[in-house]
Structures are given as structure tokens and as C-alpha cells.
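Engineer:
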Ligand code: AMP
Ligand code: GLY
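In my numbering, the protein residues as written are 18 to 431.
1) Does residue 288 come within less than 7 Å of chain D when only Cβ atoms are used?
2) For residue 416 and residue 365, what's the separation of their Cα atoms in angstroms?
3) Quick check: what's the CA-CA separation for residue 72 versus residue 49?
4) Please name the residue, chosen from 362, 262, 77 and 345, that lies closest to residue 225 on a Cα-to-Cα basis.
5) Given this structure, state the Cα-to-Cα distance separating residue 39 from residue 183, to the nearest angstrom.
6) Please work out which residues of its chain come closer than 7 Å, Cβ to Cβ, to residue 168, disregarding the five sequence neighbours upstream and downstream, and give them in chain order.
7) When every heavy atom of the ligand GLY is checked, does at least one fall within less than 6 Å of the C-beta of residue 301?
8) Is residue 150 helix, strand or coil by DSSP?
9) Pick out the complete alpha helix (DSSP H) segments inside the region 115-141, 4 residues or longer, and give them in chain order.
10) At a cut-off of 6 Å, is residue 31 close to the ligand GLY when judged by its beta-carbon and the heavy atoms of the ligand?
11) Given a threshold of 16 other Cβ atoms within 10 Å of its Cβ, counted over all protein chains shown, does residue 374 qualify as buried or as exposed?
12) Can residue 204 be considered in contact with the ligand AMP, in the sense that its beta carbon sits closer than 6 Å to one or more heavy atoms?
13) Alpha carbons only, please: which of 248, 337, 333 and 388 is nearest the one belonging to residue 355?
14) From this set, 185, 127 and 175, which residue's C-alpha is nearest residue 142's C-alpha?
15) Go ahead and pull the three-state DSSP assignment for residue 305.
16) Spell out the partners DSSP gives residue 345 in its beta bridges.
17) Please find out if some non-hydrogen atom of the ligand GLY comes closer than 6 Å to the beta-carbon of residue 170.
18) Return helix, strand or coil for residue 182, following the three-state DSSP convention.
19) If residue 391 and residue 408 are in contact, beta carbons under 8 Å, what's the gap, nearest whole angstrom?
20) Residues bridged to residue 28 by DSSP?
21) Can you name the residues that DSSP bridges to residue 231?
22) The alpha helix (DSSP H) spanning residue 191 covers which residue range?
23) On the DSSP letters alone, give me the boundaries of the alpha helix (DSSP H) that residue 2 sits inside.
24) Residues in its own chain within less than 8 Å of residue 333 by CB, not counting five upstream and five downstream?
25) Tell me, to the nearest whole angstrom, how far the beta carbon of residue 109 is from that of residue 97; I am working on the premise that it is less than 8 Å.
26) How big is the Cα-Cα spacing for residue 201 and residue 58?
27) Considering only their Cβ atoms, is the gap separating residue 329 from residue 92 smaller than 7 Å?
28) Is residue 84 closer than 7 Å to residue 22 when the C-beta atoms are compared?
29) Determine the extent of the beta strand (DSSP E) in which residue 160 is found, giving its start and end residues.
30) What does a CB cutoff of less than 7 Å around residue 139 pick up in its chain, not counting 5 residues either side in sequence?
31) Taking the alpha carbon of residue 76 as the reference point, which residue from 107, 51 and 217 has its own alpha carbon closest?
32) In whole angstroms, what is the alpha-carbon distance linking residue 158 and residue 299?
33) Our contact map puts residue 114 next to residue 280 with C-beta atoms below 8 Å; I'd like the distance itself, whole angstroms only.
34) Based on DSSP bridge pairs, tell me the residues matched to residue 222.
Shown next, in the form of C-alpha cells:
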């Protein structure tokens, strides 16, 4: 009897649970806390992602064979250290290895030390020193609050005034708490997310994906958790991928081992293809959301078996569907600002694709919205254009009066 516990509640966990449930080796999937869509594949357990002690208690009581962690919140609280100390098998990085995501300054120092290509930068705690540094810098300039800020800690300042105001808020007003800011050069190019399965120095590629971070079409408006994604990126060559794998992902995994923080789990490279080569914008220590929904939709092999192999130090047999796969995120109106919850959803069943649930819950007989990002509609095609048509066709069959979505996912690349 094999039991798997997945931690999280968003679309990425829906995708993970769906794949794990498909495995013939797995008998039971639990998800904490889960959502209405995850209930299709797993038994939802009402324990929050930060309630590490309760999660461990549950895993011990249920004799869970493998736990897979979705969100950074659990990782940076040390869920992996806790589970491991209790003899529980868990796939994710330790608190020490999660630093590559949870501290921007740590990640930048690591990249500098191990010659991993990234934007030039300096770290500041002092407002006056930061002002002196940016005085002669080219605009725009990038300001990153050092710590987890749910994707909201990055400011791309287009004017000196904007840079000053934000630095003041970060270093003097301490809007986000502990005050440390990475200031780095602005990089220009096509961004992509490269996720790899990692166990120490063993690094296995997933297919790259493109994420859409801004809320409005044409990449305007504030940053969000991600408004859409697609695979089979037309701007990446084989040699780009090989470079990103060897010079960035493998190097980072080796660097973490050399630093005594060996990484186990998903290492996510947020990369950019600039005129000057591929560089790192950020690392994450987990599956990306919404990239995971499109990437795992393309995984033809058994994810549970793959993860067990990686954890055992054997080479996983990963198999990918390389057809373009595209996903459109439907959000609550108002996101990433304030929005209402509890809106009733009508979601038809589809043969031509899949609807992942990001922020939903079951309320009596109904499925209702329960977050900023609500659903992600994913479809494949033989071309990117076909994938796009299929995905938006599905969207058109969902009642979206009380939802918002971008109309231009994938469009620029057709
Ligand atoms: P991060 O949280 O570091 O991923 O930053 C969020 C977004 O800000 C990224 O996906 C980029 O679009 C943008 N960004 C961050 N750093 C830079 C940079 N150095 N140059 C250009 N854009 C950046
Ligand atoms: N999609 C970006 C992230 O997961 O951080």
C-alpha cells in the first residue's frame, strides 16, 4: 500500500496530484490543504502548508511513503529537515538549501562565487549607500527586497525618483520587515523557466516553459504569480538549453553541494536569453506555478517512479511529449489587488485539454472561487498556434463574467 502526501493548494499541486494519482504504483494520494480540483485526485486534508508539526504528525499517523512539497513557505520553515529527522521520506530541499530562493543576496553571492552568469549587483542595508550606488547607474534599475515577498519584492524602477521612493520604503520604512536590498542591472531578452529534478550533483532536465508575470496583455501592469505559460519555446535552441543546463543548473547544484547545502528537489532557474548570453534572474527551490501545469501535462513517464529513482540516486526514465502546450490563467477580477471570493464557478468537462484548479473550494454542492488565481486552462497542439486556439476555445466555454484573463498568451511567438 503506497501513500503519497502532497503539500499545497494551488494549480501546481493539482498538476502534481494528477500525475501522482496516475501512477500504478500509488494507492492513495493526500493533499494538504488541497482545493476543489485537487479533490479529483486526492483526499484533501485541512492542514495549512505552514503547520509543519501537524503535517508531520499526519504523515507519521498515516504511514505516508513519500511527501512532495509544493510551496516555498513550507520549505523555508524547514519541513524537509523536520520530516527527515522523523524518518519520513520527503522530496524537497532542506531549509539550508532553500536559501537559494529565500535569500536573494545568498543566491547572488553563490552565483558570483561559482561564476554562474547573472546581472551585476550590490547588496545594501543602508539607504544613503544605496542612493550613492544608483546615482550613476543606467535606468531602468532593479530593486529586490531580500527575502520571500511572494513575487512582490521586485521593483523595476524606470526613473531615479521611483528608485528612491522604493528604496526609502524598503530600507527606511521597512515595508517588508528585515531590511536588505539587492540592486541589480536590468537585463533585456526573452525570459524562460527551466526546472530540473536535483539530487546533489545529479540534475535531470524538464522541458523549459515561458511564464507571463504581468497582469495585463503586452506585459503591462503589476507583477502577479503568473498569468499563463507555454512549452516548446521557439526562441530557444538546443545549444541554449545545453548551455543553461551545464553552465547554470548543473553548476548551481554543484555549488550547493560544495557549500555543504546539497539540494534535493526541484531547482527552478528563472532565466533570460540576453544579447550577451543566457543569465539567471532568480532561482526557486520548488516547482514553478503556473509552469508546472503545462510542464507536467507533457510528462509521459510515471512521476512517482521518477521521483523515487532520483531520491535513490538512480537515473529516472523521464519521457516528454514535446508538442506545444499552452495554459491560460483565469483570475478573480481585481487580482493582484483586492478581489472577492466565493463566486460560483461553472466548469464543463473537456476532452481536448485540462482545467487545473488554482484557487477554488467546495462550498455545499458548488465549486467557488477561493483565491486570486482561480483556474488554469491547458491544451496542446501540433503547433503553438493550435495549442493556443485549443486553450482559448476551452476558455470560451467557461462562464468568465466574474473572471479575468490575458488574451495574448503565446501570441507574440506565432
Ligand atoms: P524575480 O522575483 O526575481 O523573478 O523577479 C520578478 C520579475 O522581475 C522577473 O520575472 C523579471 O521579469 C523581472 N526582473 C527581475 N530581475 C530582473 C533583471 N535583472 N532584469 C530584468 N528584469 C528583471
Ligand atoms: N511562476 C513563477 C514562480 O513560480 O515563481
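Each residue gets a CB set at the ideal place from its N, CA and C atoms; glycine is no exception.
In this text, all values refer to a predicted model and were calculated from it rather than measured experimentally.
Structural biologist: To lay it out plainly:
1) The chain labelled as chain D is not found in the depicted structure, where only one protein chain is given.
2) Spanning the alpha carbons of residue 416 and residue 365 requires a straight line of approximately 9 Å.
3) A direct Cα-to-Cα measurement between residue 72 and residue 49 gives close to 8 Å.
4) Selected option, being the one with the closest Cα: 262.
5) Rounded to the nearest angstrom, the gap between the Cα atoms of residue 39 and residue 183 is 47 Å.
6) Confidence at residue 168 is low in this model, with a pLDDT of 46, below 50, so the placement of that residue should be treated as unreliable; the coordinate-derived value is given next. The answer, listed in chain order, is 240 and 242.
7) Yes - the ligand GLY has a heavy atom lying nearer than 6 Å to the Cβ of residue 301.
8) Three-state result, residue 150: helix.
9) As far as the region 115-141 is concerned, its whole alpha helix (DSSP H) runs of at least 4 residues are 121-130.
10) No, the Cβ of residue 31 stays beyond 6 Å of every heavy atom of the ligand GLY.
11) It is buried - the Cβ of residue 374 has at least 16 other Cβ atoms within 10 Å.
12) Yes; taking the cut-off as 6 Å, the Cβ of residue 204 has a heavy atom of the ligand AMP nearer than that.
13) When each option's Cα is compared against that of residue 355, the closest is 388.
14) Among 185, 127 and 175, the Cα nearest to that of residue 142 belongs to 185.
15) Here residue 305 sits in coil by DSSP.
16) Beta-bridge analysis with DSSP links residue 345 to 245 and 394.
17) Flag unset: Cβ of residue 170 not near the ligand GLY.
18) Helix.
19) Approximately 15 Å separates the beta-carbon atoms of residue 391 and residue 408; this is outside 8 Å, ruling out the contact.
20) Bridge pairing for residue 28: absent [DSSP].
21) In DSSP, residue 231 forms a bridge with 240.
22) Premise fails: residue 191 is in no alpha helix (DSSP H) and is neither H nor E.
23) What is shown of the chain runs 18 to 431, which leaves residue 2 out entirely.
24) Counting only Cβ-Cβ distances below 8 Å, and skipping sequence neighbours, we find 214, 221, 318, 322, 323, 324, 326 and 327.
25) Sure, about 5 Å apart at Cβ, within 8 Å.
26) The C-alpha of residue 58 is placed about 43 Å away from the C-alpha of residue 201.
27) Cβ atoms of residue 92 and residue 329: not closer than 7 Å.
28) Their beta carbons are under 7 Å apart, which means residue 22 touches residue 84 by this criterion.
29) Unbroken beta strand (DSSP E) run through residue 160: 158-162.
30) If we look at residue 139 and ignore the five residues flanking it on each side, its Cβ neighbours are 150 and 200.
31) Taking residue 76 as reference, the option from 107, 51 and 217 with the minimal CA-CA separation is 107.
32) Near 16 Å, if we compare the C-alpha coordinates of residue 299 and residue 158.
33) About 4 Å; that satisfies the 8 Å criterion.
34) As DSSP reads the structure, residue 222 sits in a beta bridge with 213.
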